[in-house]
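Reading through the structure tokens given below for one structure.
2 protein chains.
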Amino acid sequence: MSKKEQIIKESIQLFSDYGYEATSMTKIAEQVDIKKPSLYAHFKNKDAIFYSAVKQVTGEYVDFVLTTIDQTKGQTSKDTLYNVLHHAYTNEYQTEFLGEFFYRFVLFTPNEVEAQIKPLIKRSEEKLESALIKIVEEGQANREIDATLSSRIVLRNYLFIFNNLDVDVRYYSLRGSELEQYLNDIWSVFWRGVKN
Amino acid sequence: MSKKEQIIKESIQLFSDYGYEATSMTKIAEQVDIKKPSLYAHFKNKDAIFYSAVKQVTGEYVDFVLTTIDQTKGQTSKDTLYNVLHHAYTNEYQTEFLGEFFYRFVLFTPNEVEAQIKPLIKRSEEKLESALIKIVEEGQANREIDATLSSRIVLRNYLFIFNNLDVDVRYYSLRGSELEQYLNDIWSVFWRGVKN
DNA sequence: GTCTATAGAAAGATAGAC
DNA sequence: GTCTATCTTTCTATAGAC
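Order-wise, the sequence lines are chains R and L.
For the first sequence, position 77 (counting from the first letter as 1) is numbered 77 according to the UniProt record's numbering, and the numbering increases by one without interruption.
For the second sequence, position 180 (counting from the first letter as 1) is numbered 180 according to the UniProt record's numbering, and the numbering increases by one without interruption.
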């Protein structure tokens with residue numbers, strides 16, 4: 001791994017744990033085991049490091065979810081939707097590393113860099129939504145999902161769970177069987193609400 | 001309003017807008033129209049201001065929701081649950097002022113003050129949950145809500161919406177008829193999922 | 001690319017006069 | 001209670017040697 005890649009990797013962890021302002025250039029340099037001024041040989045300033053971190057996390061996040069969708073396809077829409085949700089929330093890498101960072105800065109972007117990173121986040125959302133709406137519409141064509149509900153409403157409810165379950169997982173520190181229980185409680189009511 | 005109350009009021013706004021670290025004592029002093037050192041005549045340090053701000057917001061938030069529950073009682077459980085949700089999200093004061101602050105620091109508490117403020121938040125949650133579980137159980141006794149679902153699952157799903165709708169409202173900047181539409185889309189699937 | 005040294009600004013907090 | 005002046009620390013960032 002190049003020094004530049006190391007800097008991005010360690011800064012993602014620090015930004016996740018402490019937030020934007022409370023992560024100093026000194027701390028990042030310590031984690032990478034170089035001195036602070038050396039960072040400026042790789043990045044113009046702190047904002048540039050943050051931008052690269054966001055870019056990497058949003059990219060990996062989208063890749064992770066799209067890959068999951070691909071791998072669970074070919075089942076019923078119900079199974080696909082459930083498995084995508086389940087896999088996303090039982091994968092260590094996603095929940096521990098990507099999720100923490102992603103949600104921290106999706107919800108509360110530092111004002112200095114908001115204009116730069118909003119488009120990155122927006123684009124990643126659009127990619128996921130267009131993949132998921134297809135599955136919903138297939139489910140309606142199959143008569144698994146109630147076709148009197150618009151696909152937009154079903155998708156909105158699914159995304160509401162997909163995005164916000166993360167908030168609860170973090171807040172209640174849900175893991176293992178507790179997480180499994182929580183996920184099933186939310187999923188079961190959602191499915192009763194949309195099934196045919 | 002005393003100077004102390006003014007300081008708390010203005011600091012809530014600043015912490016909401018900029019976060020904990022990016023809100024400086026100088027900025028707070030400017031908003032209150034005094035000089036920075038004068039703040040220390042009212043509060044020991046910055047953490048103490050933040051603690052008072054959290055205490056006030058959590059208190060007002062709980063009062064707001066409990067009052068809303070009281071005012072909408074005496075209807076069917078369905079109407080009460082819907083109206084509490086609706087009222088909470090169409091009230092300017094709640095969404096613009098309390099909500100922004102509350103969720104910012106519920107989700108991402110500054111590490112310096114985490115130990116102090118977690119109990120405040122925990123207590124406010126418990127109060128709301130114990131008021132809402134009663135309404136769910138009444139609804140099951142009335143046969144409005146499916147009694148084969150445990151009241152815990154129904155409450156969990158309701159709170160999932162109640163707490164996390166705020167995240168989406170802020171993220172998508174939902175207002176007016178858009179907010180109304182969003183709320184109804186989420187509510188309608190929830191209610192289909194729990195009704196008898 | 002990495003370092004030492006340092007500039008320059010801003011942060012939280014205190015001393016002490018009024 | 002409020003102020004001016006100041007301390008101390010820490011921050012981002014740069015200059016310039018190697």
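Glycine residues also receive a C-beta, built at the ideal position from the N, C-alpha and C atoms.
Note that the structure is a prediction, hence the values are computed from the model and not measured.
Do you know offhand how far residue i's Cα is from residue j's?
{"i": "R:Y51", "j": "R:I117", "result": "7 Å"}
{"i": "R:A29", "j": "R:L14", "result": "11 Å"}
{"i": "L:Q71", "j": "L:E96", "result": "21 Å"}
{"i": "L:K35", "j": "L:R123", "result": "35 Å"}
{"i": "L:L39", "j": "R:Y172", "result": "35 Å"}
{"i": "R:Y93", "j": "R:K4", "result": "21 Å"}
{"i": "R:T58", "j": "L:L132", "result": "37 Å"}
{"i": "L:E126", "j": "R:D168", "result": "16 Å"}
{"i": "R:Q31", "j": "R:I49", "result": "14 Å"}
{"i": "R:G74", "j": "L:D63", "result": "50 Å"}
{"i": "L:L128", "j": "L:I12", "result": "22 Å"}
{"i": "R:H87", "j": "L:E180", "result": "32 Å"}
{"i": "L:E21", "j": "R:N111", "result": "12 Å"}
{"i": "R:S150", "j": "R:F190", "result": "15 Å"}
{"i": "R:Q6", "j": "R:D33", "result": "10 Å"}
{"i": "L:I69", "j": "R:T26", "result": "50 Å"}
{"i": "R:E10", "j": "L:I161", "result": "34 Å"}
{"i": "L:F43", "j": "L:I8", "result": "10 Å"}
{"i": "R:L183", "j": "L:N91", "result": "30 Å"}
{"i": "R:L98", "j": "R:Q56", "result": "10 Å"}
{"i": "R:E137", "j": "R:L174", "result": "31 Å"}
{"i": "L:V65", "j": "R:N196", "result": "35 Å"}
Kindly indicate which three-state DSSP category residue i falls into: helix, strand or coil?
{"i": "L:I133", "result": "helix"}
{"i": "R:I117", "result": "helix"}
{"i": "R:I34", "result": "coil"}
State yes or no: is the C-beta of residue i within less than 8 Å of the C-beta of residue j?
{"i": "L:R156", "j": "L:G19", "result": "no"}
{"i": "R:L165", "j": "R:Y89", "result": "yes"}
{"i": "R:V84", "j": "R:I145", "result": "no"}
{"i": "L:S77", "j": "L:N142", "result": "yes"}
{"i": "L:I153", "j": "L:T80", "result": "no"}
{"i": "L:D47", "j": "L:V106", "result": "no"}
{"i": "L:S16", "j": "L:F108", "result": "no"}
{"i": "R:V54", "j": "R:L159", "result": "no"}
{"i": "R:R192", "j": "L:R170", "result": "no"}
Tell me where the alpha helix (DSSP H) around residue i begins and ends.
{"i": "L:L183", "result": "176 to 194"}
{"i": "L:N164", "result": "151 to 171"}
{"i": "R:L81", "result": "77 to 90"}
{"i": "R:Q13", "result": "3 to 18"}
{"i": "R:Y103", "result": "100 to 107"}
{"i": "L:D63", "result": "46 to 72"}
By a C-beta neighbour count over all protein chains shown, 10 Å radius and 16 as the cutoff for buried, is residue i buried or exposed?
{"i": "L:S130", "result": "exposed"}
{"i": "R:Y82", "result": "buried"}
{"i": "L:T148", "result": "exposed"}
{"i": "L:G139", "result": "buried"}
{"i": "R:S2", "result": "exposed"}
{"i": "L:A41", "result": "exposed"}
{"i": "R:A115", "result": "exposed"}
{"i": "L:D185", "result": "buried"}
{"i": "L:G176", "result": "exposed"}
{"i": "R:N45", "result": "exposed"}
{"i": "R:E178", "result": "exposed"}
{"i": "R:N163", "result": "buried"}
{"i": "R:T67", "result": "exposed"}
{"i": "R:T23", "result": "buried"}
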